[in-house]
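Read top to bottom, the protein sequences are chains A and B. The opening residue of the first sequence carries number 1 in full-length UniProt numbering; numbering runs sequentially from there. The opening residue of the second sequence carries number 1 in full-length UniProt numbering; numbering runs sequentially from there. Report on one structure; see the data block that follows.
There are 2 protein chains.
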Amino acid sequence: MTAASIAADLRAAIRSGTYHPGDRLPSEAALMSTYGVARMTARHGLAMLKDEGLTVTRHGSGVFVRAFEPMVRDSGAHTAPDGVPAAETPGAGLTVQTMTVASDVAPDDAVRAALRLADGETVTVRERRHLRGRKPLLLATSYVPTSIAAGTPIAEEDAGIGGTHARLAEIGHAPVRFREEVVGRMPTIEEVRAMYIEPGTPVLAVTRTAFDAAGTAVEVSEITLDAGEFVVRYDFEA
Amino acid sequence: MTAASIAADLRAAIRSGTYHPGDRLPSEAALMSTYGVARMTARHGLAMLKDEGLTVTRHGSGVFVRAFEPMVRDSGAHTAPDGVPAAETPGAGLTVQTMTVASDVAPDDAVRAALRLADGETVTVRERRHLRGRKPLLLATSYVPTSIAAGTPIAEEDAGIGGTHARLAEIGHAPVRFREEVVGRMPTIEEVRAMYIEPGTPVLAVTRTAFDAAGTAVEVSEITLDAGEFVVRYDFEA
């Protein structure tokens, strides 16, 4: 019996409903006894399921079938720059923390292109994160051209009620159209650490560009979501 | 020197641009010599980068920095039920293959709920895949209530020009509104095999529901995209 065969057995049992989300899988010791294998073989079989994102390990209590109970990030109903309205958060609301605000920053090429900035033009950068309890679920960094943000609360730690979008509206740059581009990829080491991402869990990387009525790109946001926590919803017309 | 330290060195070198997308990384033998480690340590360090999706292995020629050159799946500009218009495909177009068409199938709970079917109501199922050359990039399975599909080309192998959506329009059920829900997750073993998905690559699982002008859900599609190949784009109003 190989580790792969043990993993295949357990995978089939999870799919067929023998083990439900939240159930504990057999321990290494139980697998050693059931299959007559060495501890390392049993451990490797369990590790394969974890790498596939099918299970989570709770230290001291075992390996459990992962439950996917995502929050909905509804892009159409956004009221916040990150598109995660507090009203959609089931149960206890998310906490939003502003991590850093920096002015007059030279943007990287992707941000420069998205905002159609000339050489030498700079941006105001706002870094935020959304937490459920102490677990960060989403990291968001937004970039607004300095030519727009300078002298407004967008460049201050507290952008005020309604955030960046409300401030943009007050100075005649209300976002009226959005483009979002979604990529799925494995998290970087830094993202794993920043969001405590489980093994076998990708991230959704959303690049969101906000345009005002004149068609000017007034904000670009790079939003990284723990894909184990979210479903991202879009409603649109044919 | 541990495998993790070797991986960290190579990761930093990839990020800093010492190695560009498409470049070959040092071989196991070169790493053994540079770091003074055993072959298994060098191999394990390279495997860590592969699991993170940073590299790809080409058998017989080495380990290369992965290039992410995605196609855009533009949901707003869709002309096909899968939302991947041929016109958007850079270079050689995608081939679309209809794999199976089955009528009078009992849907699972998710499809039943999305189509708001009563107990005992069945669906017509169409399974397709999109390939670039011989590489499948996208699997799509769509479900239309039998009460709508029966007696139309939707239930036939060749649904005709314009596909399911054109046929729905002809019988007064033209899709006018769509909801898409996007999840990122690791592929199943079956998806890895069906799409030859690289290690360290998640899938984007899109559930797309099409509504007619009366608000009836006329089609649900489960679309699985190799996340190493696509960026999914949405344009919407505030």
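Every residue, glycine too, gets a C-beta built ideally from N, C-alpha and C.
Find out if the Cβ-Cβ distance for the pair residue i, residue j is shorter than 8 angstroms.
i	j	result
residue 269(A)	residue 221(A)	Since the displayed chain A opens at 1 and closes at 238, residue 269(A) lies outside it and no answer follows.
residue 42(B)	residue 28(B)	yes
residue 155(A)	residue 124(A)	yes
residue 190(A)	residue 101(A)	no
residue 208(A)	residue 180(A)	yes
residue 152(A)	residue 132(A)	no
residue 4(A)	residue 32(A)	no
If we count the other Cβ atoms within 10 Å of its Cβ and call it buried at 16 or more, is residue i buried or exposed?
i	result
residue 40(A)	exposed
residue 105(A)	exposed
residue 142(B)	buried
residue 99(B)	exposed
residue 17(B)	exposed
residue 160(B)	exposed
residue 45(B)	buried
residue 200(B)	buried
residue 136(A)	buried
residue 213(A)	exposed
residue 146(A)	buried
residue 114(B)	buried
residue 66(B)	buried
Taking the straight line between their C-alpha atoms, what separation do you get for residue i and residue j?
i	j	result
residue 108(A)	residue 174(A)	24 angstroms
residue 74(A)	residue 182(B)	11 angstroms
residue 119(A)	residue 233(A)	36 angstroms
residue 52(A)	residue 64(A)	13 angstroms
residue 163(A)	residue 127(A)	13 angstroms
residue 117(A)	residue 130(A)	29 angstroms
residue 187(A)	residue 204(A)	9 angstroms
residue 197(B)	residue 150(B)	36 angstroms
residue 240(B)	residue 9(A)	Residue 240(B) falls outside the range modelled here, since chain B spans only 1 to 238, and no answer is possible.
residue 227(B)	residue 192(B)	12 angstroms
residue 165(A)	residue 210(A)	9 angstroms
residue 96(B)	residue 134(B)	11 angstroms
residue 219(A)	residue 206(A)	14 angstroms
residue 238(A)	residue 235(B)	12 angstroms
residue 194(B)	residue 37(A)	31 angstroms
residue 14(A)	residue 111(B)	20 angstroms
residue 70(A)	residue 50(A)	19 angstroms
residue 148(A)	residue 19(B)	37 angstroms
residue 1(A)	residue 30(A)	14 angstroms
residue 172(A)	residue 215(A)	12 angstroms
residue 68(B)	residue 223(A)	18 angstroms
residue 60(B)	residue 62(A)	40 angstroms
residue 144(B)	residue 103(A)	52 angstroms
residue 58(A)	residue 58(B)	37 angstroms
So residue i packs on residue j, CB below 8 angstroms; how close in whole Å?
i	j	result
residue 202(A)	residue 185(A)	6 angstroms
residue 225(B)	residue 138(B)	5 angstroms
residue 72(B)	residue 231(B)	6 angstroms
residue 34(B)	residue 21(B)	So it is not a contact: roughly 22 angstroms between Cβ atoms.
residue 54(A)	residue 11(A)	7 angstroms
Which whole runs of the alpha helix (DSSP H) in the stretch 22-76 of chain A are 4 residues long or more, in chain order? 28-35, 39-51
If we require 3 or more residues per run, which beta strand (DSSP E) segments fall completely within the stretch 99-184 of chain A? 123-132, 135-145
Whole alpha helix (DSSP H) elements within the stretch 182-216 of chain A, 4-residue minimum: 189-195
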